[in-house]
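Read in order, the letters of the sequence shown correspond to residues 2 to 127 in our numbering. C-beta: ideal position from N, C-alpha, C; glycine also. A short write-up of the structure that comes next.
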Amino acid sequence: MKKNYSLQLIEDRGSVKVYKKIYDTENNNLEQPENTEVVVPQVNYLKAAKGYVVGTLNQIIQDPEIEALAEARLTICRECPLFNAYKCDASRTTLNDKGQTVHGCTCNLKKKVRNKDEKCTPLGKW
Ligand code: SF4
Numbered sequence: 002m003k004k005n006y007s008l009q010l011i012e013d014r015g016s017v018k019v020y021k022k023i024y025d026t027e028n029n030n031l032e033q034p035e036n037t038e039v040v041v042p043q044v045n046y047l048k049a050a051k052g053y054v055v056g057t058l059n060q061i062i063q064d065p066e067i068e069a070l071a072e073a074r075l076t077i078c079r080e081c082p083l084f085n086a087y088k089c090d091a092s093r094t095t096l097n098d099k100g101q102t103v104h105g106c107t108c109n110l111k112k113k114v115r116n117k118d119e120k121c122t123p124l125g126k127w
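Written out as structure tokens, the structure reads:
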């Protein structure tokens with residue numbers, strides 16, 4: 002199916018970018034849908050690599066406090082539409098509380114939930 006919109010960057014918050022879908026209503030005679038904003042989490046590869054190492058070490062060390070935090074976070078993630086086989090799946094989408102379409106952040110959740118400094122970037126659930 003032919004894409005009938007383009008994306009225009011409307012907000013750059015560093016860890017996420019917000020785009021607006023601009024529909025080709027003139028040529029396709031389509032009504033503009035209500036939900037036209039898309040939130041795409043941005044991957045900072047250096048930060049992601051550090052987080053992966055911290056998460057992996059915490060998986061090995063198994064500190065009870067970290068494990069409790071990890072389980073509480075995973076309980077939230079398992080109920081999330083973006084959760085897929087312990088990944089926050091970028092190919093999945095859901096709506097946030099502003100009605101914007103949000104993509105997953107690609108993170109390995111078994112690692113991410115074990116890093117105290119991490120947060121749920123796409124939806125702010127933890
Ligand atoms: S990190 Fe947030 S958005 Fe991703 S699966 Fe967990 S709760 Fe959902």
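For residue j and residue i, the rounded distance between their alpha carbons
i           : j           : result
residue 128 : residue 24  : Absent from the model: residue 128. The displayed extent of the chain is 2 to 127, so no value can be given.
residue 57  : residue 5   : 43 Å
residue 88  : residue 122 : 13 Å
residue 84  : residue 106 : 10 Å
residue 131 : residue 75  : Summary: the structure shown does not reach residue 131, with the chain confined to residues 2 through 127, and so no result is reported for it.
residue 64  : residue 44  : 27 Å
residue 54  : residue 12  : 30 Å
residue 66  : residue 79  : 20 Å
residue 115 : residue 52  : 9 Å
residue 36  : residue 7   : 14 Å
Per-residue burial, residue i [other beta carbons within 10 Å of its own, 16 or more giving buried]
i           : result
residue 69  : exposed
residue 62  : exposed
residue 90  : buried
residue 112 : buried
Residue of the options minimising C-alpha distance to residue i
i           : options           : result
residue 96  : 88, 41, 112       : 41
residue 99  : 13, 15, 19        : 19
residue 117 : 72, 82, 38        : 72
residue 16  : 103, 112, 110     : 103
residue 39  : 86, 124, 101, 114 : 101
residue 59  : 86, 7, 110        : 110
### 3-residue-minimum beta strand (DSSP E) runs that sit fully inside the stretch 11-67, ordered along the chain
17-24, 38-42
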